[in-house]
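Colleague: Chains as they are written, first to last, in the working numbering: chain A, 1 to 317; chain B, 1 to 317.
Below you will find the structure I want to go over with you.
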């Protein structure tokens with residue numbers, strides 16, 4: 001416990017090695033020191049304030065990492081301290097791509113105002129979004145102004161990670177991500193800001209118009225998602241996106257407006273329920289074995305629903 | 001309860017209207033009559049036998065529905081009774097595409113040996129895979145030899161649906177699904193059989209070779225996933241795929257072989273734990289409100305992990 005306090009004190013005071021150590025402890029499934037770290041970190045957090053958590057997602061090949069790279073440079077010009085959390089659903093196959101991304105971002109390694117870390121923690125309590133949320137709290141305590149959460153894939157668990165973000169930026173390109181494919185992947189429903197990257201290529205205008213049309217269908221939402229052309233590899237168009245993200249955060253935090261929803265608060269409640277789920281799932285697995293229900297469920301002689309009701313009964317009455 | 005028994009009796013005796021009614025009851029979240037139906041249906045199920053549940057998945061545009069259509073025709077030639085469950089993650093945007101698919105399959109509507117149904121039940125206890133699993137049990141009781149479960153998307157919840165299947169067929173095309181993209185989406189990890197659809201188009205041979213190379217990397221698995229070229233729209237190559245699926249089922253059920261895993265049994269246990277999760281999540285949400293923890297978690301003054309441990313404590317000690 002006192003060791004956790006030391007690690008946390010060092011990590012939040014700017015010691016990179018201890019910050020990395022603390023995140024590794026949070027990544028480990030159900031590590032008791034990880035729990036102490038989050039308790040301490042959440043207490044340091046003051047109110048609904050900093051940092052602004054920006055989720056970046058989009059189909060593979062959309063240039064998300066290049067975009068993040070350009071964002072970091074632009075943010076540093078504004079004097080902001082930026083942390084990047086790259087979430088990897090830890091498929092054994094995607095290792096190569098991630099490694100490449102990290103190497104590309106290494107040009108910021110000498111800079112104390114930038115921290116880049118990839119996270120691959122399928123086994124974490126509360127899932128990927130749980131781990132991400134706790135790491136974001138820690139980076140908050142370490143004084144970063146903005147945390148960019150970048151996901152590699154577009155699966156359901158990566159969409160879940162985006163629930164941690166205040167503002168979700170969806171990056172598409174004329175080639176990989178036509179609007180219809182993005183719809184199918186559920187990206188249009190979670191976007192707050194759209195980026196049409198590689199906007200110097202054919203089809204970029206058409207994609208931007210399609211997105212603007214889909215957005216116009218959804219006017220009731222109050223926030224109309226803006227669409228920005230970008231050429232991330234030349235750092236063109238990034239500042240407009242950052243400004244829009246700032247406007248979105250201000251809109252989000254404006255508790256006075258009609259239809260205000262406490263998104264951050266709802267995210268914390270959802271994470272809490274996910275954690276309960278994980279705890280009771282483990283207890284139920286034990287109960288199945290203890291009560292000898294295991295074999296009957298396997299054989300199909302007791303239905304999964306019957307067994308679940310029996311196991312869950314003392315907890316739900 | 002007696003009404004549930006009547007519905008079940010009719011549904012399993014071949015009454016299409018009552019079969020549709022029974023599935024609708026299963027789709028409704030936590031409907032008590034749905035529970036009675038599953039209890040009854042699971043009791044009719046005899047042993048590890050029929051039906052063979054085949055999952056069909058792949059990227060959008062791979063021609064999955066055309067492939068299913070061709071499979072149905074080939075299966076009818078063999079005298080099999082086939083049911084198709086098309087799983088829709090119920091995005092408001094995908095309605096159109098599904099409708100089109102269903103219309104295409106309507107040519108089988110006059111045939112009593114074919115039953116086609118789409119399923120869109122995000123709110124179901126145990127999630128999409130829970131609903132699918134219970135519907136499969138019902139179709140089993142109704143005497144179908146083979147149930148094809150087709151997913152529309154490639155998100156995490158659709159991959160979860162594939163856990164219900166005995167045999168997973170992944171459909172790719174030279175255009176939409178190059179092997180690398182399929183890897184990123186996690187499709188290579190779940191496939192038992194590969195289909196390269198639209199095999200008359202350029203790039204099909206290259207894709208087939210890439211798949212065969214990836215498969216060869218994974219020799220320890222015991223089952224080497226075969227790769228079949230197909231032109232579904234002309235019903236070319238379907239029979240070889242059905243034969244391979246039969247071989248895979250035989251391999252799967254061969255409890256005598258080294259490294260045998262009771263996949264069906266594990267699926268039932270997993271579903272049971274998912275159901276427990278849903279039940280306790282609902283109870284914990286109530287507990288948060290009752291104990292007044294709700295506001296503290298929202299505001300960030302109590303960490304989600306602390307609150308979860310407190311709520312879960314009586315259940316996990």
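Think of the CB as a built atom: it goes at the ideal place given N, C-alpha and C, for glycine as much as any other residue.
If we cut at 9 Å on Cβ distances, does residue 174 of chain B have a partner in chain A?
Modeller: It does not: the Cβ of residue 174 of chain B has no partner Cβ on chain A nearer than 9 Å.
Colleague: So that I know if they touch, is there some Cβ in chain B lying closer than 9 Å to that of residue 312 of chain A?
Modeller: Chain B, which has a Cβ nearer than 9 Å to the Cβ of residue 312 of chain A, makes this yes.
Colleague: Leaving out the 5 sequence neighbours to the left and right, which residues in its chain are closer than 8 Å to residue 136 of chain A when beta-carbon positions are compared?
Modeller: If we look at residue 136 of chain A and ignore the five residues flanking it on each side, its Cβ neighbours are 51, 53, 85, 147, 149 and 164.
Colleague: I need the straight-line Cα distance from residue 229 of chain B to residue 145 of chain B, nearest angstrom please.
Modeller: When rounded, the distance between both Cα atoms is 25 Å.
Colleague: So what does DSSP say about residue 96 of chain B, is it helix, strand or coil?
Modeller: In this predicted model, residue 96 of chain B has a pLDDT of only 36, less than 50, meaning its place in the structure is not dependable enough to derive any value.
Colleague: Kindly confirm or deny that the segment 299-313 of chain B and the segment 273-283 of chain A touch, where touching means at least three C-beta pairs closer than 8 Å.
Modeller: Yes, the segment 299-313 of chain B is in contact with the segment 273-283 of chain A.
Colleague: What separation, rounded to the nearest whole angstrom, lies between the Cα atoms of residue 107 of chain B and residue 58 of chain A?
Modeller: Distance between the alpha carbons of residue 107 of chain B and residue 58 of chain A is about 38 Å.
Colleague: How would you list, in chain order, the residues of chain B whose beta-carbon sits under 9 Å from the beta-carbon of residue 132 of chain A?
Modeller: Ordered by position in chain B, no residue passes the 9 Å Cβ test against residue 132 of chain A, which lies about 12 Å from the chain.
Colleague: At the 9 Å Cβ level, is residue 166 of chain A part of the contact set with chain B, yes or no?
Modeller: No, no contact with chain B.
Colleague: Give me the Cβ distance between residue 26 of chain A and residue 131 of chain A, rounded to the nearest whole Å; I'm assuming they're in contact under 8 Å.
Modeller: Their Cβ separation, rounded to whole angstroms, is 6 Å, which keeps residue 26 of chain A and residue 131 of chain A in contact under 8 Å.
Colleague: Could you please give me the residues that DSSP links to residue 116 of chain A through a beta bridge?
Modeller: According to DSSP, residue 116 of chain A bridges with A:84.
Colleague: Going straight from the alpha carbon of residue 175 of chain A to that of residue 253 of chain B, what length do you get?
Modeller: Cα-Cα distance, rounded: 44 Å.
Colleague: Buried or exposed: residue 140 of chain A, going by 16 or more other Cβ atoms within 10 Å of its Cβ?
Modeller: The residue is buried, with at least 16 neighbouring Cβ atoms inside 10 Å.
Colleague: Would you say residue 269 of chain B faces chain A, with C-beta separation under 9 Å as the test?
Modeller: Interface residue, yes.
Colleague: Residue 253 of chain B touches chain A at which residues, Cβ-Cβ below 9 Å?
Modeller: Under the 9 Å cutoff, chain A gives no residues; its nearest Cβ is about 14 Å from residue 253 of chain B.
Colleague: Considering only the alpha carbon of each residue, which of A:83, A:142, A:143 and A:302 lies closest to residue 118 of chain A?
Modeller: Cα-wise, what sits closest to residue 118 of chain A is A:83.
Colleague: Tell me where the alpha helix (DSSP H) around residue 144 of chain A begins and ends.
Modeller: First-last for residue 144 of chain A: undefined, no H or E at that position.
Colleague: What residue does the alpha helix (DSSP H) around residue 267 of chain B start on, and which one ends it?
Modeller: Here the alpha helix (DSSP H) through residue 267 of chain B covers 263-290.
Colleague: From what residue to what residue does the alpha helix (DSSP H) around residue 68 of chain B run?
Modeller: Unbroken alpha helix (DSSP H) run through residue 68 of chain B: 64-77.
Colleague: Hey, would you say residue 235 of chain B sits closer than 9 Å to residue 73 of chain B, going by beta carbons?
Modeller: Closer than 9 Å, so yes.
Colleague: Since residue 143 of chain B contacts residue 12 of chain B with CB under 8 Å, what's their CB separation in whole angstroms?
Modeller: Between residue 12 of chain B and residue 143 of chain B the Cβ distance is about 7 Å, and since that is below 8 Å, they are a contact.
Colleague: Kindly list, in the order they appear in chain B, the residues whose Cβ is closer than 7 Å to that of residue 275 of chain A.
Modeller: Residues of chain B passing the Cβ test: 304, 305 and 308.
Colleague: Can you pull the chain A neighbours of residue 26 of chain B, defined as C-beta to C-beta under 7 Å?
Modeller: The premise fails here: residue 26 of chain B is roughly 10 Å from chain A at the closest Cβ pair, so nothing lies under 7 Å.
Colleague: Would you call residue 250 of chain A buried or exposed, if buried means 16 or more other Cβ atoms sit within 10 Å of its Cβ?
Modeller: Residue 250 of chain A should be labelled exposed.
Colleague: Which residue comes first and which comes last in the beta strand (DSSP E) that contains residue 109 of chain B?
Modeller: Premise fails: residue 109 of chain B is in no beta strand (DSSP E) and is neither H nor E.
Colleague: Going straight from the alpha carbon of residue 356 of chain B to that of residue 113 of chain B, what length do you get?
Modeller: Missing from the structure shown is residue 356 of chain B; chain B here goes from 1 to 317 and no further.
Colleague: List the whole-angstrom C-beta distance separating residue 227 of chain A from residue 198 of chain A, where the pair is believed to meet the contact cut-off of C-beta under 8 Å.
Modeller: Not a contact, Cβ separation roughly 14 Å.
Colleague: For residue 128 of chain B, which residues does DSSP report across the bridge?
Modeller: Per DSSP, none; premise fails for residue 128 of chain B.
Colleague: Can you tell me whether DSSP reads residue 304 of chain A as helix, strand or coil?
Modeller: Of the three classes helix, strand and coil, the one that applies to residue 304 of chain A here is helix, per DSSP.
Colleague: Give the range of the beta strand (DSSP E) segment to which residue 173 of chain A is assigned.
Modeller: Premise fails: residue 173 of chain A is in no beta strand (DSSP E) and is neither H nor E.
Colleague: First and last residue of the beta strand (DSSP E) that includes residue 196 of chain A?
Modeller: Looking at the DSSP string, the run of the beta strand (DSSP E) that includes residue 196 of chain A is 193-196.
Colleague: At which residues does the beta strand (DSSP E) containing residue 53 of chain B begin and terminate?
Modeller: Looking at the DSSP string, the run of the beta strand (DSSP E) that includes residue 53 of chain B is 52-57.
Colleague: Quick check: what's the CA-CA separation for residue 212 of chain A versus residue 78 of chain B?
Modeller: Approximately 50 Å between the Cα atoms of the pair.
Colleague: Using a C-beta to C-beta distance shorter than 9 Å, which residues of chain B count as neighbours of residue 298 of chain A?
Modeller: The contacting residues are 262, 264, 265, 266, 268 and 269.
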